[in-house]
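Visitor:
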Amino acid sequence: MYADGPRTLREFVETTWAFGDRPFLMSGVAGERGYAYGEFFAAASALACRLSDTYGLRPGDRAVVAMRNRPEWQIAFWAAQLAGLVAVPLDPRWTEAEFTFALDDSGPRVLLVDGERLPPVADWARKAGARVVVFHTEDHRRAPEDHVERYEDLPAPDPLAAPPEVEARPEDDATILYAPRATGRPQGIVATQLAQAGAARNPRFHAATSALGRGAVPGQESAPVTLLTFPFFHVAALSNLYAAMSAGGSVVLMGDWDAEEALRLIREHRVTNYAGTPETALDLLAEADRTGDRPESLRMLDTGGSAPPHDLVARLAARGERIEPYNGYGPAETGGAVMANSGAEYRLHPGSAGRPTPSTEVRIAGPAGEALPEGETGELWLRGQALARGYWRDEEATAKAFTGGWFRTGDLAVIHDGRADVVGRKAESAEKAETAEKAESAET
1450 MYADGPRTLR EFVETTWAFG DRPFLMSGVA GERGYAYGEF FAAASALACR LSDTYGLRPG
1510 DRAVVAMRNR PEWQIAFWAA QLAGLVAVPL DPRWTEAEFT FALDDSGPRV LLVDGERLPP
1570 VADWARKAGA RVVVFHTEDH RRAPEDHVER YEDLPAPDPL AAPPEVEARP EDDATILYAP
1630 RATGRPQGIV ATQLAQAGAA RNPRFHAATS ALGRGAVPGQ ESAPVTLLTF PFFHVAALSN
1690 LYAAMSAGGS VVLMGDWDAE EALRLIREHR VTNYAGTPET ALDLLAEADR TGDRPESLRM
1750 LDTGGSAPPH DLVARLAARG ERIEPYNGYG PAETGGAVMA NSGAEYRLHP GSAGRPTPST
1810 EVRIAGPAGE ALPEGETGEL WLRGQALARG YWRDEEATAK AFTGGWFRTG DLAVIHDGRA
1870 DVVGRKAESA EKAETAEKAE SAET
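For the working numbering, count along the sequence shown from 1 and bump the result up by 1449.
1. Report the start-end ranges of each beta strand (DSSP E) in the stretch 1620-1650 that is 3 residues or longer and not cut off at the edges.
2. When burial is assigned at 16 or more other CB atoms within 10 Å of the CB, is residue 1832 buried or exposed?
3. Determine the contact status of residue 1773 and residue 1746, defining contact as a CB-CB distance below 8 Å.
4. Please tell me whether residue 1780 and residue 1758 are closer than 8 Å, where the distance is taken between their beta carbons.
5. Apply the 10 Å Cβ neighbour rule to residue 1801 and answer buried if 16 or more other Cβ atoms are within range, or exposed otherwise.
6. The beta strand (DSSP E) spanning residue 1475 covers which residue range?
7. Quick one: what's got a C-beta closer than 6 Å to residue 1648's C-beta in the same chain, skipping five residues either side?
8. Name the one or two DSSP bridge partners that residue 1791 has.
9. Near residue 1864, what residues of its chain come up, given a Cβ to Cβ distance below 8 Å and the 5 sequence neighbours on each side ignored?
10. Find out if the Cβ-Cβ distance for the pair residue 1531, residue 1508 is shorter than 8 Å.
11. Beta-carbon separation of residue 1458 and residue 1513 under 8 Å?
12. Just how far apart, CA to CA, sit residue 1712 and residue 1472?
13. Helix, strand or coil for residue 1755, going by three-state DSSP, please let me know.
14. Tell me which residues share the same chain as residue 1878 and place their Cβ nearer than 8 Å to its Cβ, disregarding the 5 neighbours each side in the sequence.
15. Alpha carbon to alpha carbon, how far is residue 1702 from residue 1487?
16. From what residue to what residue does the beta strand (DSSP E) around residue 1859 run?
17. On the premise that residue 1777 lies in contact with residue 1646, defined as a C-beta separation below 8 Å, what is that separation, rounded to the nearest angstrom?
18. Which of the three DSSP states, helix, strand or coil, is assigned to residue 1468?
19. Rounded to the nearest angstrom, how far is the Cβ of residue 1723 from that of residue 1760, given a contact under 8 Å?
20. I'd like to know whether the C-beta atoms of residue 1678 and residue 1729 end up nearer to each other than 8 Å.
21. Can you tell me which of the three DSSP states residue 1825 falls into?
22. Closer than 8 Å by C-beta to residue 1482: which residues in its own chain qualify, once you throw out the five before and the five after it? Chain order, please.
23. Residue 1636 to residue 1664, Cα distance in whole Å?
24. Suppose you measure from the CA of residue 1544 to the CA of residue 1744; what does that come to, to the nearest Å?
25. To the nearest angstrom, how far is the alpha carbon of residue 1506 from that of residue 1497?
26. Could you tell me which residues DSSP pairs with residue 1550 in its beta bridges?
27. Please state if the CB of residue 1644 and the CB of residue 1692 are separated by a distance shorter than 8 Å.
28. Kindly indicate which three-state DSSP category residue 1851 falls into: helix, strand or coil?
29. Within its chain, find whatever has a CB closer than 6 Å to the CB of residue 1733; leave out the 5 residues flanking it on each side and keep chain order.
30. Can you find at least 3 beta carbon pairs, one from the stretch 1570-1582 and one from the stretch 1542-1556, that sit closer than 8 Å?
31. Would you kindly work out how many angstroms separate the C-alpha atoms of residue 1445 and residue 1849, rounded to a whole number?
32. Compute the beta-carbon to beta-carbon distance between residue 1840 and residue 1639, rounded to the nearest angstrom, for a pair I have assumed lies under 8 Å.
33. Near residue 1466, what residues of its chain come up, given a Cβ to Cβ distance below 8 Å and the 5 sequence neighbours on each side ignored?
34. Enumerate in chain order the residues of its own chain whose CB-to-CB distance from residue 1889 is below 6 Å, with the five nearest sequence positions on each side excluded.
35. Specify, as a first and last residue, the run of the alpha helix (DSSP H) that residue 1689 falls within.
36. Residue ranges of each beta strand (DSSP E) run of no fewer than 3 residues wholly in the stretch 1484-1538, ordered along the chain?
Set out below in structure tokens:
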């Protein structure tokens, strides 16, 4: 556990108020406004006061956030944290049936959605008696209802107003992130305030390690400008947002993925860090090759969400060492990137998950959960401050995945010189062994 730093997400976001007029959220979508840090904090505080004082919500109540990547998503999420609520981000691409499952499962008292998401959730909210705040109502015209408010109709935020006087304790729940499962139904992953505060702290360590690898002094470089293409409901997006907010950096948003548009935004906003899946990163580089575009401001290519292809390093090598490769490892149960591989070490070992943060322990476990020595392959177990407390209302699944404070990732890995190299999935290994056993039985 980190010895210093915030113990709740409310404490974390309150530190960003000091960045004042620095640009924070910049939308690449025409007609959408941006927010400086001070404007963002004032807007989140005002909405938090409405949730707490007007709606009567109390710490522990759930607040769903469902909208595409737009600046107001961040206002909604952080308003929930300032009000001591449990934020429940949902995939905006879901069908009405998928929304209904997650809403029934999480039981929110308020839904913070954009106009496009209102139709699939409106009936549930009306029947459940949940309040709804709708952002960007121009996306969808619908007659107003008593339990529905338009965000643009709310009073303008007071830049000097404080958030509501509520106490968020480190042991309280902070988020429920829904992740897809083999059953076809998404599963809620619950993280406490202390865990998310640890997840918010981890990027500072990764940034310091990266700076030292370049021969720079940590914290002395200019604040990053990040083009963030991960969907906000995804744990990888939270990791990158925490990184930007820790440094007072700017976050550039875009609509649907388009490599040509991404290059334009990189040029226009002097983007220094790209954050997205390996697939979109390769698409970006291919488009740059096709057009002859050289994004001179770009200095880091940050990928996550899946294993990076080995040829990504070769594609970057053709551009010299100006653009630093970075890949984070960490499922939603670990709060995002608890291990990272970057810079020179990434170039030498592109398939590695990298090294853990100081608040993360790694175990390569044998069949009985025993720790295996370096060089032997076993299941990757992780333990640390950012670890989720379990699955929402599913004690059986929690008991299977979380053992003695460890999370069993299901990934097979091996340790080499302190690096964790992921080599496969435990289920795939068992399936191959079973197939081989059946084949051997058939031959005899």
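A virtual CB, placed ideally from N, CA and C, is assigned to each residue, including glycine.
Guide: This is what the structure holds:
1. 1622-1628, 1636-1641
2. buried
3. no
4. no
5. buried
6. 1472-1476
7. 1784, 1785, 1835
8. 1775
9. 1811, 1813, 1823, 1824, 1870
10. no
11. no
12. 20 Å
13. coil
14. For residue 1878, the predicted model reports a pLDDT of 46, less than 50, meaning its position is unreliable; a value from the coordinates is still stated below. Counting only Cβ-Cβ distances below 8 Å, and skipping sequence neighbours, we find 1861.
15. 19 Å
16. 1855-1865
17. Their Cβ separation, rounded to whole angstroms, is 18 Å, which puts residue 1646 and residue 1777 out of contact at 8 Å.
18. helix
19. Rounded, the Cβ-Cβ distance is 17 Å, inconsistent with contact.
20. yes
21. coil
22. 1476, 1520
23. 42 Å
24. 37 Å
25. 10 Å
26. BP columns for residue 1550 are empty, so no partner.
27. no
28. strand
29. 1708, 1711
30. yes
31. Shown here, the chain extends from 1450 to 1893; a query on residue 1445 therefore has no answer.
32. 7 Å
33. 1486, 1487, 1490
34. Low per-residue confidence applies at residue 1889: pLDDT is 42, beneath 50, and the placement is therefore not dependable, though the value from the model is reported in the following sentence. For residue 1889, where only same-chain residues beyond five positions count, there are no Cβ hits under 6 Å.
35. 1684-1696
36. 1511-1515, 1535-1538
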